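What follows is a short report on a single structure.
Right, dumping it as structure tokens:
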């Protein structure tokens, strides 16, 4: 047993014990605990929980690597994923909180007065959350597998058992407080290495300020080596793909069921707005650091690994070459390793950073605990969304409306366990790379939920037949485009499968508007309800005029 293994194991074990302890302490006793944490979470902690829910394994492990490999074109991920929060905080979250339901499908069903719409939305929630969680679980499998030095499949199964236990126990109440702890673990794990690297390379402890000079030095290196410059836009993709990907990620963020449900756990509309503001701060800490990681790692690779002799590579490269995530091939046979001969996988940039910068066993172990926290916190949130769709929207609202509180809790817990096991089995042999699977989930959300919620809050004339037409059209177009772009090589303006959401959202909005205008308008009661959504708590509506409540 080497020292590194023991330190990593101890850190991961300690954080796991903390999460399970919190879940047991916060066991859900009523359905409102289970679905919306009794709407009693303070905005600052809710912001942290949103942050943890949001920082998935893709953000934590994959994002910096994507930026490093794609350069400027990787920024679409950072801008899209952060911008989506602004859309959500201003356009949808406070209004949806005011409507006061438990789940997104429930809002769609009640706002559009349509059971069919609610069932379609529940099925869409399950498809989107399931797709997303497969990506997360395969990510956690990679981390656990590499640390415990077991097969990735066994790593995935360990993750499944843990998540099934604490999500089913605590429900939303347990998960919210677990996620606050997970956010603290993951953000500390993410910031420590990048601050130390900044000190090593630039003698400045604030990496966000100091990495500009490193980028300046890299432009020189790029020119010397004659490779496409890191800071030049649209070298890897077309301008249209950049915009389409950014839109897909933004609209997808604003339509992701497990993220929106987070805003239901606070007491008021104002608290929902503040949760969004805090979440942006907490998310910004990680997203502003990702390009720094990318720049520092690329700089160290260019200066310390490239142009060295093959039998003289730094010690940390060997274990990574063994995992197949880093490959070096001396193609021109001169015994030296050129930059062009080095191939690195996106997913190891963050995980390998503590070793690249030689930060010692403790930091490497902390990084592993952080990556696990990222994968587990997101999967927990996704499982609650799937469980709520099955037990609340489908079982309670459609199959058995007379179900008792305890029976509903039982169905909720059972559906979490079944969903986690099913997603875990699929994650043993995933259909694509982590980032790709996640991008598909976003494309589906931007094609189905985003148009339905946007028009539901901001266009009074939208009605039941319209939203059904919109969701079905949006899902069909998005799925067809992903399939056509990935397998048939068909693209419009160079937009590939990850940008499919732009077509899905556009066609869904058009379908919703056309069908709504050609069918009967909603009742006066619905129109008043929708107008009421747009005003803060203290305003009420009376005969078409706005009155302040006394």
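Numbering (this note's numbering), first residue to last: 208 to 757. No residue lacks a Cβ here, since even glycine has one placed at the ideal position from N, Cα and C. Since the structure is predicted, the reported quantities are computational estimates derived from the model, not experimental observations.
- Annotated as proximal: residue 347 and residue 366, with beta-carbon spacing under 7 Å.
- Classified as buried, residue 325 has 16 or more neighbouring CB atoms from the shown chains inside 10 Å of its CB.
- Taken through DSSP and simplified to helix, strand or coil, residue 534 comes out as strand.
- Contact fails between the region 267-274 and the region 619-639, because fewer than three Cβ pairs, one in each stretch, are under 8 Å apart.
- Going by beta carbons, residue 654 and residue 567 fall outside the 7 Å limit.
- For the pair residue 613 and residue 335, the Cα-to-Cα distance works out to about 28 Å.
- One Cα belongs to residue 724, the other to residue 718, and the distance between them is close to 10 Å.
- In the structure shown, residue 457 adopts helical secondary structure according to DSSP, grouped into three states.
- Positions of the beta strand (DSSP E) runs, each at least 3 residues long and wholly inside the region 224-302, cannot be given because no such run exists.
- Secondary structure note for residue 549: its beta strand (DSSP E) is the uninterrupted segment 549-551.
- Boundaries of the alpha helix (DSSP H) around residue 415: 414-432.
- By the C-beta density criterion, residue 380 is buried, having at least 16 other C-beta atoms within 10 angstroms.
- Burial is judged here by how many other beta carbons sit within 10 angstroms of a residue's own beta carbon; residue 296 has at least 16 and is buried.
- Put simply, the region 642-651 does not touch the region 615-622. Fewer than three CB pairs are less than 8 Å apart.
- Remark: three or more beta-carbon pairs, one from each stretch, lie closer than 8 Å, so the region 669-681 and the region 314-325 are flagged as touching.
- A straight-line Cα-Cα distance of about 12 Å links residue 385 and residue 581.
- The beta-carbon separation of residue 456 and residue 587, rounded to 22 Å, does not stay under the 8 Å limit for a contact.
- DSSP places residue 719 inside the alpha helix (DSSP H), whose first and last residues are 708-724.
- The DSSP-derived three-state label of residue 463 is coil.
- Assigned with DSSP and collapsed to three states, residue 703 falls in coil, not helix or strand.
- Here residue 486 is buried: its Cβ has 16 or more other Cβ atoms, across all protein chains shown, within 10 Å.
- Look at residue 545 here: in three-state DSSP terms it is coil, with no helix or strand label.
- With 16 or more other CB atoms across the displayed protein chains lying within 10 angstroms of its CB, residue 318 is buried.
- Under the DSSP definition of a beta bridge, residue 515 partners with 544.
- Assignment of alpha helix (DSSP H) within the region 577-662, counting only whole runs of 4 or more residues, yields 612-634 in chain order.
- Listed in chain order, the non-local C-beta contacts of residue 505 below 8 Å within the same chain comprise 275, 425, 437, local neighbours out to five positions each way being set aside.
- In the three-state reduction of the DSSP assignment, residue 358 falls in the coil class.
- Sequence-distant Cβ neighbours of residue 358 in its own chain, meaning closer than 7 Å and more than five residues away, are 352.
- Nearest to residue 698 by C-alpha distance, out of 327, 451, 585, 735, is 451.
- Just so you know, the alpha carbons of residue 514 and residue 548 end up roughly 10 Å apart.
- Residue 509 sits away from residue 304, with the two beta carbons spaced by 7 Å or more.
- Under the DSSP assignment, residue 410 falls outside any alpha helix (DSSP H); it carries neither an H nor an E label.
- DSSP places residue 209 outside both helix and strand once states are collapsed to three, so it counts as coil.
- Within the same chain, 336, 339, 340, 465 come within 6 Å of residue 589 by CB-CB distance, once the 5 residues on both sides are set aside.
- Sorting 598, 332, 628 by C-alpha distance to the C-alpha of residue 369 places 628 at the top.
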